[in-house]
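In terms of full-length UniProt numbering, the sequence shown has 81 at position 81, counting the first letter as 1, and numbering is strictly consecutive.
Working notes, structure below.
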Amino acid sequence: MSDGTAPDLTELLADSPSNWGKWGPEDEVGSLNYLGPEQVVAAAGLISSGKVFTLQRLIGDPKGDPVWPGRTPATRTQILDESSWDGEDAPAFPGGLHYADDKIDAFLQGSTQYDALGHVWYGGQLYNGYDARTTVGGMDKASVEPIAQRGVVGRAVLLDMARFRGKDTLESAETYTHEDLVACAESQGVELRKRDILLIRTNYLQLFFELGDKFYEGFCEPGLVYSPELVQWFADMEIPNLVTDTIANEVTTDPNNGVALVLHNALMRNLGIAFTEICDLEALAADCAEDGRYEFFYAAAPLKVAKGSGSPVNPLVVK
């Protein structure tokens, strides 16, 4: 805004399309309802080579774990190992069993993860009109558990925006639109269809490993940028799931209006589109560039965390 004040989301998205009530007043999985048995069977028909790719980034990577500013990476603590049996008070099991045990302390959204549909909101209401007070003490509505219970399976398409723009990585605050997604698909020779799961590669998190702490200076990731036309395109295409290799799936601060994470609200809160973030798409992208096949079978299920606002996940792609 010219006066330096960002508009309120209630104002900015006043006329934005909504899927509230489309699948009933108790729905908590939103646009994932678009993925029914027909989509699963069609996606299975894409499997030809049997090549499997896993998209989760390593938790506890010695090189560091990229996380949203303010979150801390997961901490793994060793509880039992061979040294636990060195002392006289060592545990004893019949037959002489020894074993290792460890635990992690982690943000549920501190790694490759699915957002709950109720993860973000404005105007006092979550996805499907649930009262924001239902988040107090844990998410009673629109938590990640319903997504985990149903799972996510369908046809997915990789849109390699970095290669499309001839770059190793997209730059901080670099944006792209739905029209760019369509152009990228055309350049790759793949058709975008209704109810596709979209995987978008930026390779931006490579800069986290190259820059270290400087990565977070003036933090603004590249990504999709809000427009009414973009939101309507996602609604018309009935997109169930948006998957990226960035921490927040969209440009962090919209350059046109100064609002943070507009699309989390326009796409997830209003349309019920599931967001999957911090994926590692590098091996998959390299293989797609080699064989020219950018469509494939996708399957994912976050952990079943009661009242959770998100959950770690290790999505699978099979070509």
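Cβ atoms here follow ideal geometry from the backbone N, Cα and C, with glycine treated the same way.
I'd like to know whether the C-beta atoms of residue i and residue j end up nearer to each other than 7 Å.
{"i": "G258", "j": "L108", "result": "no"}
{"i": "Y34", "j": "R150", "result": "no"}
{"i": "E277", "j": "N249", "result": "yes"}
{"i": "V318", "j": "V40", "result": "no"}
{"i": "T252", "j": "E217", "result": "no"}
{"i": "S16", "j": "V225", "result": "no"}
Put residue i into one of helix, strand or coil per three-state DSSP.
{"i": "V120", "result": "coil"}
{"i": "D236", "result": "helix"}
{"i": "G275", "result": "Checking the sequence, you will find Phe at residue 275 rather than Gly. In this structure, F275 counts as strand in the three-state DSSP scheme."}
{"i": "R76", "result": "strand"}
{"i": "R293", "result": "coil"}
{"i": "N241", "result": "strand"}
{"i": "G310", "result": "strand"}
{"i": "T206", "result": "Strictly speaking, residue 206 in this sequence is Gln, with Thr absent from that position. Q206: helix per DSSP, three-state reduction."}
{"i": "R155", "result": "strand"}
{"i": "D213", "result": "helix"}
{"i": "G223", "result": "strand"}
{"i": "D168", "result": "coil"}
{"i": "L108", "result": "coil"}
Comparing the C-beta of residue i with each C-beta of chain D, is any distance below 7 Å?
{"i": "S187", "result": "Absence of chain D from the displayed structure is noted, only one protein chain being present."}
Just grab the DSSP bridge partners of residue i for me.
{"i": "V317", "result": "F53, Y298"}
{"i": "A148", "result": "Bridge partners of A148: none, in fact."}
{"i": "D102", "result": "Q78"}
{"i": "E28", "result": "Its beta-bridge partners do not exist; DSSP assigns none."}
Distance check for residue j and residue i, CA to CA, integer angstroms please.
{"i": "L9", "j": "Y122", "result": "7 Å"}
{"i": "A90", "j": "G129", "result": "55 Å"}
{"i": "A43", "j": "S83", "result": "49 Å"}
{"i": "D105", "j": "D61", "result": "14 Å"}
{"i": "H119", "j": "A92", "result": "45 Å"}
{"i": "D101", "j": "W85", "result": "13 Å"}
{"i": "A306", "j": "P312", "result": "13 Å"}
{"i": "T5", "j": "L267", "result": "23 Å"}
{"i": "E191", "j": "N241", "result": "17 Å"}
For the alpha helix (DSSP H) holding residue i, just list the boundary residues, first then last.
{"i": "Q113", "result": "It is not in any alpha helix (DSSP H) - Q113 instead sits in the beta strand (DSSP E) that spans 113-115."}
{"i": "H178", "result": "178-188"}
{"i": "A266", "result": "No alpha helix (DSSP H) contains A266, which DSSP labels as neither H nor E."}
{"i": "V40", "result": "37-44"}
{"i": "M139", "result": "Element bounds for M139: n/a, residue is neither H nor E."}
{"i": "V10", "result": "According to the sequence displayed, residue 10 carries Thr and not Val. Residues 9-12."}
Which two residues bound the contiguous beta strand (DSSP E) that contains residue i?
{"i": "L199", "result": "197-201"}
Can you determine whether any heavy atom of the ligand GTP sits closer than 6 Å to the C-beta of residue i, and answer yes or no?
{"i": "Y34", "result": "Ligands displayed in this structure: none; no statement on the ligand GTP is therefore possible."}
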